[in-house]
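Undergrad: Per the numbering used here, the sequence shown starts with residue 5, numbered consecutively. Below you'll find the structure I mean.
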Amino acid sequence: MSFEISSEQEMIRLMARDFAKKELEPMAAQWDRQGIFPVDTIKKMGELGLLGMMVPSDLGGSGAGAVAYSLALQEIAFHCASSAVTMSVANLSTEPLLKFGTPDQKKKWLTGLAEGSLLGAFALTEPGAGSDPGSMTTSAKLKKDKYIINGSKVFITHGQYADVINLIARTGQDKGTKGLSAFIIEQGTPGFKIGTKEEKLGLRASNTVELVFEDCEVPIKNLLGNPGEGFKVAMLALDSGRIGIASQAVGIARACLEEAVLYTGQRRQFGKSISSFEAIRFMVADAATKIEAASWLTLAAADRKDRGLKFTREASMAKLFASETANSSAYMALQVHGGYGYTKDYKVERLYRDARATTIYEGTSEIQRIVIAREVFKE
Ligand code: CAA
């Protein structure tokens, strides 16, 4: 077996690293403290092609593919995990249009999303429907040539700043995963407004809001795919999304490892640098090993996607392992910092908070295990 990163993929990685070092690292701590969503910086990411990496170039994307996307996202997350989730969800939001959009829909929205002139979001979760999106109640009722949408969505990443939102709502009488359909909603549509903005533990420079729909009228031409295909649209988008979150988690974990190595090399106790103690070295060795494994699992899932193979199982494995690794690495990094790690003066405090979301969104670790087990038993 051989797996080599091409020179083009390496170039994209270096471009993302350079951007993140210059534009994200100097600001990330301040954005986190003040809860600022960095609109202009995200625009710059769009201009660099980082928000439409899976979209072919003839549709406005960079056509870089999933492996290059994962490598770039890891670099962004290493410096600012919040910007990484923005990048991940923006890329996720191109997938439904890419797979289910008509030529007109692609022209109207996908090109803008891929070029970065539009920002896309993904609205699935509801107050009573998180791990079980099949129980959603937001309704879209057909009236002549319009759908009338009522209900609310929660925890929507950059919902406040998105120009275009992929919305899943119930169009049929069927219960569960049947009778759901996908729509494109434009910001500013009458009857659609932004509700509560969440104050989060971490990822505080990523915007997370509630979306409220009250008799919101959407033209029938905004329906994505066939009526009743909404759950499939969402699951296919989430397969890709999970590669994004796994990549974000690897980037966070690498940042934790770096902080741990730097700090333990400088910190002296009992007359020597604490990095010379075996207790510390073994913690670092375990984290480094897990991070390497998480990275390969993530790239393997991305590689399957690039080769047009099914990657549901691999994306869930990568998301599960990488997010758990981000958390164990953050725990380790904070632990070796001792009391200093528990203060706002050290970067590990932010990394510890940022890592926590990765085992929760885009399917909890428990949901990933359900997906993996189903695929394994199918085999
Ligand atoms: N690709 C294509 N089709 C799929 C699929 C996939 N990955 N997964 C399921 N389906 C299809 C099934 O084949 C089935 O089709 P048929 O009815 O034709 O047989 C249909 O969808 C229903 O599937 P299930 O019976 O498996 O559905 P379920 O109700 O048991 O749920 C689940 C499965 C995996 C648990 C799913 O509900 C799930 O992934 N839950 C987690 C939701 C989630 O990840 N939410 C994240 C919100 S977005 C977010 O966090 C973004 C952000 O802002 C950061």
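In this text, a Cβ means the ideal position worked out from N, Cα and C, and glycines have one as well. Quick caveat, the model's predicted, so the values are computed rather than measured.
#1: Looking at the secondary structure, which residues open and close the beta strand (DSSP E) in which R37 lies?
#2: What does the Cβ neighbour count give for G343, buried or exposed, with the cut at 16 atoms within 10 Å?
#3: Assign Y165 to one of three DSSP states: helix, strand, or coil.
#4: Buried or exposed for N230, please, with buried defined as at least 16 other CB atoms from any protein chain shown within 10 angstroms of its CB.
#5: Do three or more CB pairs link the segment 272-282 to the segment 35-55 at distances below 8 Å?
#6: Using a 10 Å radius around the Cβ and a threshold of 16 neighbouring Cβ atoms, would you call R246 buried or exposed?
#7: Which term fits V380, buried or exposed, when burial requires 16 or more other beta carbons within 10 angstroms of its beta carbon?
#8: Taking the alpha carbon of L266 as the point to measure from, which residue in S299, V340, V254, A305 has its own alpha carbon closest?
#9: Tell me the DSSP secondary structure of R271 in three-state form.
#10: Report buried or exposed for K224, applying the criterion of at least 16 other Cβ atoms within 10 angstroms of its Cβ.
#11: Excluding five sequence neighbours on each side, which residues of the same chain lie with their C-beta closer than 7 Å to the C-beta of K25?
#12: Are the segment 131-140 and the segment 73-82 touching by the rule of at least three beta carbon pairs closer than 8 Å?
#13: Grouping DSSP H, G and I as helix and E and B as strand, with all else coil, what is E119?
#14: Is the Cβ-Cβ distance between V93 and F126 less than 8 Å?
#15: D22 lies in the alpha helix (DSSP H); which residues open and close that run?
#16: Let's test the definition: count the other Cβ atoms within 10 Å of the Cβ of E353 and tell me whether it reaches 16, buried, or not, exposed.
#17: State the Cα-Cα distance for the pair E51 and A118, rounded to the nearest angstrom.
#18: Tell me whether the beta-carbon of S244 lies closer than 8 Å to the beta-carbon of M58.
#19: In chain order, what are the residue ranges of uninterrupted beta strand (DSSP E) at least 3 long that sit wholly in the segment 207-267?
#20: Verify the contact flag: I3, CB atom, against every heavy atom of the ligand CAA, threshold strictly below 7 Å.
#21: Compute every distance between the C-beta of S135 and the non-hydrogen atoms of the ligand CAA, then say whether any falls below 7 Å.
#22: If you run the structure through DSSP and keep just helix, strand and coil, what is T362?
#23: Return the Cβ separation of L96 and G248 in integer angstroms, given the expectation that the two are a contact with Cβ distance under 8 Å.
#24: L128: beta carbon under 7 Å from a heavy atom of the ligand CAA?
#25: Please confirm whether any heavy atom of the ligand CAA lies closer than 7 Å to the CB of L380.
#26: Apart from the five residues just before and just after K293, which ones in its own chain have a Cβ nearer than 8 Å to its Cβ?
#27: Who are N154's beta bridge partners in DSSP?
#28: Have a look at E99 and W113 and give me their C-alpha separation to the nearest angstrom.
#29: Would you mind giving the Cβ-Cβ distance between V89 and D307, rounded to the nearest angstrom? I have them listed as a contact below 8 Å.
#30: Going by the beta-carbon positions, is the gap between V213 and K197 smaller than 8 Å?
#31: Given a threshold of 16 other Cβ atoms within 10 Å of its Cβ, counted over all protein chains shown, does Q13 qualify as buried or as exposed?
#32: Hey, would you say the C-beta of D349 is under 7 Å away from at least one heavy atom of the ligand CAA?
#33: When we look at the beta-carbon of Q78 and count the other beta-carbons within 10 Å, is it buried (16 or more) or exposed?
#34: Tell me the DSSP secondary structure of F7 in three-state form.
#35: Kindly indicate the opening and closing residues of the beta strand (DSSP E) around T200.
#36: Apart from the five residues on each side of it in sequence, which residues of its chain come closer than 6 Å, Cβ to Cβ, to G67?
TA: Concretely, from the data shown:
#1: Here R37 belongs to no beta strand (DSSP E); instead the alpha helix (DSSP H) covers 29-38.
#2: Exposure of G343 is indicated by the presence of fewer than 16 other C-beta atoms within 10 angstroms of its C-beta.
#3: It is coil, neither helix nor strand.
#4: By the neighbour-count criterion, in which 16 or more other beta carbons inside 10 Å mark a residue as buried, N230 falls on the exposed side.
#5: The segment 272-282 is not in contact with the segment 35-55.
#6: By the neighbour-count definition (other C-beta atoms within 10 Å, threshold 16), R246 is a buried residue.
#7: Under this definition V380 is an exposed residue.
#8: Nearest C-alpha to L266: V340.
#9: In the three-state reduction of the DSSP assignment, R271 falls in the coil class, being assigned neither a helical nor a strand state.
#10: In the sequence under discussion, the amino acid at residue 224 is Ile, which differs from the Lys named in the question. Its Cβ having fewer than 16 others within 10 Å, I224 is exposed.
#11: The answer, listed in chain order, is H83.
#12: Counting Cβ pairs under 8 Å, fewer than three are found: no touch.
#13: Three-state result, E119: helix.
#14: A contact, by the Cβ cut-off of 8 Å.
#15: Segment 11-23, the alpha helix (DSSP H) holding D22.
#16: Label assigned to E353: buried.
#17: Per the coordinates, the alpha-carbon of E51 lies some 9 Å from the alpha-carbon of A118.
#18: Cβ distance < 8 Å, so S244 and M58 count as in contact.
#19: Considered as a whole, the segment 207-267 harbours 212-223 as its complete beta strand (DSSP E) runs of no fewer than 3 residues, in chain order.
#20: Coverage of the chain is limited to positions 5 through 383, which leaves residue 3 absent and any answer about it impossible.
#21: Checking the Cβ of S135 against the ligand CAA gives yes.
#22: Correct three-state label for T362: helix.
#23: Rounded, the Cβ-Cβ distance is 6 Å, consistent with contact.
#24: Indeed, a heavy atom of the ligand CAA lies less than 7 Å from the Cβ.
#25: It should be noted that the sequence gives Val, not Leu, for residue 380. No.
#26: Residue identity differs from the one stated: residue 293 is Thr in this sequence, not Lys. Excluding residues within five positions, none has a Cβ falling inside 8 Å.
#27: N154 is bridged to S143.
#28: Going from the Cα of E99 to the Cα of W113 covers about 12 Å.
#29: Contact between V89 and D307 is absent: CB atoms are separated by about 23 Å, not below the 8 Å threshold.
#30: Taking 8 Å as the Cβ cut-off, V213 and K197 do not qualify as a contacting pair.
#31: Buried, because 16 or more other Cβ atoms sit within 10 Å of the Cβ of Q13.
#32: For the ligand CAA, not one heavy atom lies less than 7 Å from the Cβ of D349.
#33: Label assigned to Q78: buried.
#34: Here F7 sits in coil by DSSP.
#35: Start and end: 196-201.
#36: If we look at G67 and ignore the five residues flanking it on each side, its Cβ neighbours are P60, S61.
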